[in-house]
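What follows is a single structure, written as structure tokens, with notes after it.
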Amino acid sequence: MKLVSSIVSVFTAAAVTVLISAGPVHAATGEIIVFTTEFEEITVYQDPASGSCRRLPATAHTVINRTDADVFIHAGTSCFGPGVQVAPDRGWHAPPSGMFSISVD
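With mature numbering (1 follows the signal peptide of the UniProt record, and there is no 0) as the guide, the letters of the sequence shown map in order to residues -27 to -1, 1 to 78.
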């Protein structure tokens, strides 16, 4: 019983330490602009949260990173797997397939 109590105490202390040391999620300052077609309005993601994931519109053509953080373009709709890094004040062309997503570092 003493062993179980000690193990529970260690895990509780570890969990509290992780929760205290984990800072709040910060938002990137700026905007991510997605151009689709000449016939559609642009899509703007203002101050996206770090770690957030957004599915790009099906007709997305160009992504412009006007934030202060790196943005990653993923070849899938759920930000799973590696992505192409788009540095602040840079852009990237996306084929209009509807199968892309973006995440913020």
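Yeah, the Cβ is synthetic: ideal placement off N, Cα and C, and Gly gets one too. Computed from a prediction, not measured in an experiment: that's the story for all the values here.
Just tell me which of G71, N38, A31 has its CA closest to the CA of Q19. N38
Does A33 pass the burial test, meaning 16 or more other C-beta atoms within 10 Å, or should it be called exposed? buried
Residue environment, P21, which counts as buried when at least 16 other CB atoms sit within 10 Å: buried
Hey, how far is the Cα of W65 from the Cα of L29? 13 Å
Please list the terminal residues of the continuous beta strand (DSSP E) segment that includes I5. 3 to 8
Could you check the C-alpha separation between I6 and A60 for me, to the nearest Å? 13 Å
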